[in-house]
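Everything on this sheet refers to the single structure shown next.
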């Protein structure tokens, strides 16, 4: 796939960025954030929006692709599978999965309309429209019949869902018995605490949650994440922290490759340069990054129902 076209107006959306980044009384919902960010990705060859998995990567494009490959591997994705990708961004991972892992079909859901439009165009240009079906829709109200999918994957987006637990319930419903859920997700390291140490760790989380539309109901650490998956009816639950292969290497890469920042909106670039003045341990203190996997039992009963939204 050739390098993507990007907006040629560097100050497009400046008023929106000013409000989003610097106005403490102004917040955006998830679609508003991604409409604002548009295609201003730090990647060069693709339009990935994830932070990347840096264990073997040497640049941000490789890291973004490696994260997609990590999730596909954890899902055991392969021929014969029908995959649901919730929050597919601009479709980069779906094109990669279709070519490299060759599931029978990938269906995507995304609530940001501009991403859906451009992702569909990119899939068509890649000659994969017969295998990748991208739709506008919500991961907390999945518009498919029960037992429709073998795999459900969510790359760095479930923290937005209102709520993540409702997403788990919907995934359980649409997975076939024996089907797998895999997420790459951002959560707090520890619950907020009244102690000085607790506040020191919770401040970075509160800043990120406020700017990136993370509902308070989704702010819980790994043990609670695992218990919510189990409570939703899943077996073989694993919630592994991979933060050491995400945050610090990304921070170091951006510090040493300022050209990556030039692809961001000027105000986003200013905010990134400010953050890069600090050590990664300070910027990302209190933020965990997890790879979570879970299996719907082969003989599945009914999960615990949540009250109506």
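Numbering (the working numbering), first residue to last: 6 to 314.
Glycine included, every Cβ here is placed at the ideal spot set by N, Cα and C.
Residue burial classification, residue i (beta-carbon count within 10 angstroms, cutoff 16)
i           : result
residue 299 : buried
residue 28  : exposed
residue 245 : exposed
residue 190 : buried
residue 123 : buried
residue 182 : exposed
residue 129 : exposed
residue 19  : exposed
residue 73  : buried
residue 155 : buried
residue 146 : exposed
residue 34  : exposed
Alpha-carbon spacing of residue i relative to residue j, whole angstroms
i           : j           : result
residue 269 : residue 41  : 11 Å
residue 97  : residue 49  : 13 Å
residue 215 : residue 23  : 15 Å
residue 230 : residue 275 : 34 Å
residue 283 : residue 169 : 31 Å
residue 207 : residue 286 : 13 Å
residue 95  : residue 302 : 32 Å
residue 63  : residue 296 : 21 Å
residue 54  : residue 83  : 24 Å
residue 254 : residue 280 : 14 Å
residue 4   : residue 100 : The requested residue 4 does not occur in the structure, where the chain is confined to residues 6 to 314.
residue 195 : residue 228 : 10 Å
residue 32  : residue 218 : 8 Å
residue 290 : residue 166 : 23 Å
residue 78  : residue 212 : 32 Å
residue 175 : residue 294 : 23 Å
residue 235 : residue 172 : 13 Å
residue 138 : residue 112 : 5 Å
residue 261 : residue 105 : 31 Å
residue 25  : residue 75  : 32 Å
Selected residue, minimal CA-CA separation from residue i, among the options
i           : options            : result
residue 222 : 141, 163, 276, 175 : 163
residue 240 : 80, 217, 185       : 185
residue 209 : 252, 173, 77, 172  : 252
residue 85  : 68, 66, 107, 91    : 107
residue 103 : 37, 134, 79        : 134
residue 109 : 265, 115, 88, 119  : 88
residue 118 : 43, 262, 266       : 43
residue 304 : 152, 161, 188      : 152
residue 157 : 180, 139, 137      : 180
For residue i, the residue or residues it bridges with in DSSP
i           : result
residue 138 : 112
residue 243 : 298
residue 188 : 159, 297
residue 88  : 111, 156
Cutoff 7 Å; reference residue i; Cβ partners in own chain excluding five residues on either side
i           : result
residue 250 : 58, 59, 60
residue 177 : 237, 238, 239, 301, 308
Spatial neighbours of residue i in its chain, beta-carbon cut-off 6 Å, leaving aside the 5 residues before and after
i           : result
residue 127 : 96
residue 288 : 280
residue 148 : 142
residue 232 : none
residue 144 : 91, 114, 166, 172
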